[in-house]
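One structure is given below, encoded as structure tokens.
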Amino acid sequence: MTLSVVHVPLGDRSYDVRIGSGLIDAAGAEIAPILNRPKVFIVTESQVADLHLEALIAGLSASGIEADVLTLPPGESTKSWQYLTQTTEWLLEKKAERRDVVIAFGGGVIGDLVGFAAAIMRRGISFVQIPTSLLAQVDSSVGGKTAINSPFGKNLIGAFHQPRLVLADIDVLGTLTKRDFLAGYGEVQKYGLLGDATFFEWLEANGPAMAQGDKALRQEAVTRSVQMKADIVARDETEQGDRALLNLGHTFCHALEAATDYSDRLLHGEGVSIGCALAFELSYRLGLVSQEEPSRVREHLARMGTKKNLSDIPGDLPDAEALVALMGQDKKVIDGKLRFILARGIGDAFVTADVPMDAVKSLLEDALKL
Ligand code: GLY
Numbered sequence: 056m057t058l059s060v061v062h063v064p065l066g067d068r069s070y071d072v073r074i075g076s077g078l079i080d081a082a083g084a085e086i087a088p089i090l091n092r093p094k095v096f097i098v099t100e101s102q103v104a105d106l107h108l109e110a111l112i113a114g115l116s117a118s119g120i121e122a123d124v125l126t127l128p129p130g131e132s133t134k135s136w137q138y139l140t141q142t143t144e145w146l147l148e149k150k151a152e153r154r155d156v157v158i159a160f161g162g163g164v165i166g167d168l169v170g171f172a173a174a175i176m177r178r179g180i181s182f183v184q185i186p187t188s189l190l191a192q193v194d195s196s197v198g199g200k201t202a203i204n205s206p207f208g209k210n211l212i213g214a215f216h217q218p219r220l221v222l223a224d225i226d227v228l229g230t231l232t233k234r235d236f237l238a239g240y241g242e243v244q245k246y247g248l249l250g251d252a253t254f255f256e257w258l259e260a261n262g263p264a265m266a267q268g269d270k271a272l273r274q275e276a277v278t279r280s281v282q283m284k285a286d287i288v289a290r291d292e293t294e295q296g297d298r299a300l301l302n303l304g305h306t307f308c309h310a311l312e313a314a315t316d317y318s319d320r321l322l323h324g325e326g327v328s329i330g331c332a333l334a335f336e337l338s339y340r341l342g343l344v345s346q347e348e349p350s351r352v353r354e355h356l357a358r359m360g361t362k363k364n365l366s367d368i369p370g371d372l373p374d375a376e377a378l379v380a381l382m383g384q385d386k387k388v389i390d391g392k393l394r395f396i397l398a399r400g401i402g403d404a405f406v407t408a409d410v411p412m413d414a415v416k417s418l419l420e421d422a423l424k425l
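So the sequence shown is numbered by the numbering used here: it starts at 56 and just counts up by one.
As structure tokens, this is what we get:
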């Protein structure tokens, strides 16, 4: 399989996302051109380290690159002040220099935390993303959003800091649990729904085989997703407009994640899938799409075997009013008004602040009864 390369054109902050098999083994040769000296600082988490760290260190040392490693605990609670402090102090203790490269080796949690540490260390040092989950490969490793969580909500403390390079090794997806793979798939199908009906059709045809493990299909899906993200980020790096399209399904998702205490009851990507189905249902109720569109979204999610309804979330959920209140912390709130991503059809999403909250509340009331 040949490597795919997606360029993210952002002037002097431009970089490539390289997607394919064997990239961890080849990490030394891939990263060497951007190093100032043959040394890197890897920050990872213990589950990824158990599976893939040896291969990464061997891949680096094949090119004569030495690595210091910090291994953090896995899980969302690592995106906190505590581990941000630990990471930055470790880098300082190890004498990471301004022109050195830090490698974020893990899923979205590690990518966001390490990216933020790199953004504030010595007022900004370089970092490379080696994303090991599908969600991180298609979304969080690309575009430079970095953050930790606050008790007030997810990702509320952060910065834009673009990586110098992203290496998305398709082979690592083979070590994900089915649930984690499908959670990442929530972000993949989102790209089709928001801006590319042909891609959504392709996913309807190829999604199940991809979930079964077909590597060529996985590479194509990651590449098409990253290309769409790169195009949007190039137009609107700091989310003044179009970039908010990438949040299709996320306003609902964030409320559901808060309602389930960011626990294992609902993974982020599962919340995105449910949120996309709700966003299409809301679009139907507001007269923007026909009834077939939300049905088609839910059917596809059902065929993939992932979550699509509120009833797929185990345990009790708060009532519709409480869920609407939880949406109030969304980063898309401007002047106290929530912005939603709605659709005029599959592949045709748009951002609007013009959504009657009564319609949102009654949608959630009905969804809670299903
Ligand atoms: N995950 C949404 C974005 O990067 O803008």
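We put the beta carbon where it would ideally sit given N, CA and C, even for glycine.
Asked: Own chain residues within Cβ distance below 7 Å of residue 327, not counting five before or after; Found: 241, 242, 245, 304, 305 and 308
Asked: Per DSSP, cross-strand counterpart(s) of residue 205; Found: 208
Asked: Neighbour flag for residue 240 against chain B, beta carbons, 9 Å; Found: Going by chain labels, chain B is absent from the structure shown, which holds only one protein chain.
Asked: Distance between beta carbons of residue 202 and residue 167, contact taken as under 8 Å; Found: 5 Å
Asked: Where residue 152 falls: helix, strand or coil (DSSP); Found: coil
Asked: Inter-residue Cα distance where the pair is residue 416 and residue 59; Found: 43 Å
Asked: beta-carbon residue 394 near the ligand GLY non-hydrogen atom, thresh 8 Å; Found: no
Asked: Test item: CB-CB of residue 91 and residue 148 under 9 Å; Found: no
Asked: The beta strand (DSSP E) enclosing residue 110, as first and last residue numbers; Found: No beta strand (DSSP E) contains residue 110, which is instead part of the alpha helix (DSSP H) from 109-116.
Asked: contact_flag[the region 136-146, the region 66-75] where n(CB pairs < 8 Å) is 3 or more; Found: no
Asked: Contact between the region 159-178 and the region 211-229 (3+ Cβ pairs under 8 Å); Found: yes
Asked: Through-space distance from residue 237 to residue 105, alpha-carbon basis; Found: 22 Å
Asked: Pick from 97, 207 and 266 that is closest to residue 114, judged by C-alpha positions; Found: 97
Asked: Residue 195 Cβ short of 8 Å to the ligand GLY heavy atom set; Found: yes
Asked: Which listed residue (284, 196 and 345) has its alpha carbon closest to that of residue 401; Found: 345
Asked: Residue 335, buried or exposed, once every other Cβ within 10 Å from all chains shown has been counted against 16; Found: buried
Asked: CB of residue 359 within 9 Å of CB of residue 250, strictly; Found: no
Asked: Distance between residue 398 and residue 288 (C-alpha atoms, nearest Å); Found: 20 Å
Asked: Residue 198 beta carbon near the ligand GLY (any heavy atom closer than 8 Å); Found: yes
Asked: Bridge partner(s) assigned by DSSP for residue 73; Found: 60 and 222
Asked: Presumed contact (8 Å Cβ cut-off) between residue 333 and residue 321, rounded CB distance; Found: In fact, because the Cβ distance is near 13 Å, the residues do not count as touching under 8 Å.
Asked: Length of the line joining the Cα atoms of residue 208 and residue 299; Found: 18 Å
Asked: Of the listed residues 392, 414 and 421, nearest to residue 407 (C-alpha basis); Found: 392
Asked: Chain-order list of residues whose beta-carbon lies under 8 Å from that of residue 405 (same chain, five-residue window excluded); Found: 300, 396, 397, 398 and 399
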